[in-house]
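A.B. asks: Residue numbers (my numbering): 12 to 162. Note that CB positions come from ideal geometry on N, CA and C, so glycine has one too. Only a predicted model underlies this, so the values are computations on that prediction, with no experimental measurement involved. Structure provided below as structure tokens; questions to follow.
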């Protein structure tokens, strides 16, 4: 079963995010109180726990949110999902809009952590249906509105 291990938000883009136990996701906007919320395609970012754990195993000492990710999810190889894939996370329905990103400048995350794994391993989504997400909520892959895989 796939689940949310952390929810992270920040007031400013390009900075480390802080963990919260639950968050309100606003349809076609993003997470209430997060700097990346807005009317665009990268409203919510996700990073697989396994990628953070790999970084830690190489000697990196990071907390959840250190790479600027909004959700840390265990049990899904997020970077292998196709654009358009939908995910049910708690009450919220997300749609994958971008896999990875190009970093043009070295942001605060790079200088504090030494490397950013979001460009290759992070995914970005938009909120199709808003609601609450809590740490521990299940993540389910959706296809055409039908449940296809519960990890």
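(1) At what residues does the alpha helix (DSSP H) containing residue 63 begin and finish?
(2) Check residue 91 in the structure and name its three-state DSSP category.
(3) For the beta strand (DSSP E) that residue 145 lies in, which residues bound it at each end?
(4) Who are the Cβ neighbours of residue 41 in its own chain at under 7 Å, not counting the five residues just before and after it?
(5) Looking only at its chain, what residues have a beta carbon closer than 6 Å to the beta carbon of residue 99, apart from the 5 residues adjacent to it on each side?
(6) Sort 37, 51, 57, 80 by Cα distance to residue 26 and report the nearest one.
(7) If you draw a straight line from the C-alpha of residue 35 to the C-alpha of residue 144, how long is it?
(8) So which of 96, 112, 38 has the shortest CA-CA distance to residue 78?
(9) List the residues that DSSP assigns as beta-bridge partners of residue 136.
(10) Just how far apart, CA to CA, sit residue 86 and residue 75?
(11) If residue 3 and residue 107 are in contact, beta carbons under 8 Å, what's the gap, nearest whole angstrom?
(12) With a cut-off of 8 Å on the beta carbons, I'd call residue 128 and residue 62 a contact; round off their distance for me.
(13) Classify residue 22 as buried or exposed, calling it buried when 16 or more other Cβ atoms lie within 10 Å of its own Cβ.
(14) Work out the CA separation of residue 39 and residue 67 for me, nearest whole Å.
(15) Measure the C-alpha to C-alpha separation of residue 37 and residue 43 and round it to an integer number of angstroms.
(16) Our contact map puts residue 13 next to residue 97 with C-beta atoms below 8 Å; I'd like the distance itself, whole angstroms only.
C.D. replies: Here's the rundown:
(1) If you number the chain shown from 1, residue 63 lands on position 52. It spans 60-68 - the alpha helix (DSSP H) in which residue 63 sits, taken as one unbroken run.
(2) In the chain shown, residue 91 corresponds to position 80, counting from 1. It is helical.
(3) By 1-based counting over the chain shown, the position of residue 145 is 134. It spans 142-145 - the beta strand (DSSP E) in which residue 145 sits, taken as one unbroken run.
(4) Translated into the one-based positions of the chain shown, residue 41 becomes position 30. Within the same chain, residue 41 has close Cβ partners 47, 48, 49, 54, 55, 138.
(5) Residue mapping note: residue 99 aligns to position 88 of the chain shown, counting from 1. 151, 153.
(6) Counted from its first residue, the chain shown places residue 26 at position 15. Comparing Cα positions, the closest option is 80.
(7) As a working note, residue 35 is residue 24 in the chain shown. As a working note, residue 144 is residue 133 in the chain shown. Whole-angstrom Cα-Cα distance: 7 Å.
(8) For the purposes of this step, residue 78 is taken as the residue at position 67 of the chain shown. For the residues 96, 112, 38, the minimum Cα distance to residue 78 belongs to 112.
(9) The residue labelled residue 136 in the question sits at position 125 within the chain shown. Per DSSP, 55, 107.
(10) If you number the chain shown from 1, residue 86 lands on position 75. If you number the chain shown from 1, residue 75 lands on position 64. Using only the alpha carbons, I get a separation of about 16 Å.
(11) The structure shown does not extend to residue 3, since the chain is modelled only from 12 to 162, so the question has no answer here.
(12) As a first step, residue 128 is located in the chain shown; it is residue number 117 there, counting from the start. As a first step, residue 62 is located in the chain shown; it is residue number 51 there, counting from the start. About 5 Å separates the two Cβ atoms, so the contact holds.
(13) Locating residue 22 in the chain shown gives position 11, counting from the first residue. By the neighbour-count rule (16 or more Cβ atoms within 10 Å), residue 22 is not buried but exposed.
(14) Here the question's residue 67 lines up with position 56 in the chain shown. Here the question's residue 39 lines up with position 28 in the chain shown. If I take the Cα positions, the gap works out to 33 Å.
(15) In the chain shown, counting from the first residue as 1, residue 37 sits at position 26. In the chain shown, counting from the first residue as 1, residue 43 sits at position 32. For residue 37 and residue 43, the distance between alpha carbons rounds to 7 Å.
(16) Residue mapping note: residue 13 aligns to position 2 of the chain shown, counting from 1. Residue mapping note: residue 97 aligns to position 86 of the chain shown, counting from 1. In fact, because the Cβ distance is near 14 Å, the residues do not count as touching under 8 Å.
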